[in-house]
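Chemist: As numbered in the working numbering, the sequence shown has no gaps in its residue numbers, which increase by one up to the final residue, 65.
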Amino acid sequence: MAERIVVLAGDRAQFRQWARAAGLDPHDRHLTYARDVYTLQGIHGARIVRYGTWHLRPDARELDARARMAEAPGVVVPAT
């Protein structure tokens, strides 16, 4: 797997659950759990997966906005 995948999930357990269901190793270097908005810094051209209760997180709105920027090819998410 060479494609960068960023997973927005309610928590790390949901991230691992998604990875197992997708047949992926949660420790793969191309797979990232978005634990906070800072995790997305410097990522561009990634495939974003939204899974579980991610939308209930207190930072869901900001996380989603940052993830949309990280999806776009050639757009680097700025540092805050």
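Glycine included, each C-beta is placed from N, C-alpha and C at the ideal position.
#1: With a 10 Å radius around its C-beta and 16 neighbouring C-beta atoms as the bar for buried, classify A52 as buried or exposed.
#2: Verify the contact flag: L(-7), CB atom, against every heavy atom of the ligand ZN, threshold strictly below 6 Å.
#3: If distances are taken between C-alpha atoms only, which option among H40, E(-12), P58 comes closest to R20?
#4: Which word fits T38, buried or exposed, when buried means at least 16 other C-beta atoms lie within 10 angstroms of its C-beta?
#5: Does the beta-carbon of R42 have 16 or more other beta-carbons within 10 angstroms, so that it is buried, or is it exposed?
Modeler: Looking at the atomic coordinates:
#1: Counting other Cβ atoms within 10 Å of its Cβ, A52 reaches 16 or more and is therefore classed as buried.
#2: With respect to small molecules bound, the structure shown includes none, and the ligand ZN cannot be examined in it.
#3: Considering only alpha carbons, the answer is H40.
#4: With fewer than 16 Cβ atoms within 10 Å of its Cβ, T38 is classed as exposed.
#5: R42 sits buried, since 16 or more C-beta atoms from the chains shown fall within 10 Å of its C-beta.
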